[in-house]
Amino acid sequence: MTQPKPVRVTLAGVLADLFPGAPRHLEVEADSVRGLIDALDRRWPGMRDRICDTRPAIRRHMNVFVDGERCGLEATLEPGAQVHILTAISGG
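Taking the working numbering, I'd label the letters of the sequence shown as residues 10 to 101.
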């Protein structure tokens with residue numbers, strides 16, 4: 010089994026602010042969105058619960074984009090991929 014390669018991650022400011030020491034921009038070794046979220050949760054326990062619901066799936070008010078495409082947990086990550094974990098914006 011090959012070792013996952015680093016991907017570049019940008020966290021929503023409101024998400025990073027909930028976890029002391031969590032930067033908005035970081036590199037994480039992961040080969041899938043699920044693996045990325047697991048890695049984030051190992052560094053900052055509780056982050057998975059902010060991003061995913063109990064099914065597990067990405068929460069309705071969260072969005073994960075990989076290289077500009079909205080993705081789910083099963084999406085694979087290529088080395089050097091850019092991942093944005095953002096909160097949904099709504100208004101009325």
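For each residue, glycine too, the CB sits at the ideal point set by N, CA and C.
Following the DSSP letters along the chain, one finds ARG52 inside the alpha helix (DSSP H) bounded by residues 42 to 52.
Taking the C-beta atoms as reference points, CYS61 is found no nearer than 9 Å to ARG52. Rounded to whole angstroms, GLY81 and SER41 show a C-alpha spacing of 9 Å. The beta-bridge partner set that DSSP reports for PRO15 consists of GLU38. In the DSSP annotation of this structure, the continuous segment of the beta strand (DSSP E) that includes ILE94 starts and ends at 91 to 96. LEU27 sits exposed, since fewer than 16 C-beta atoms from the chains shown fall within 10 Å of its C-beta. Membership of PHE74 in the beta strand (DSSP E) is indicated by the continuous run 71 to 75.
Considering only VAL23, ASP47 and THR19, the residue with the shortest C-alpha distance to LEU35 is THR19. For GLY81, no alpha helix (DSSP H) run applies, since DSSP gives it neither H nor E.
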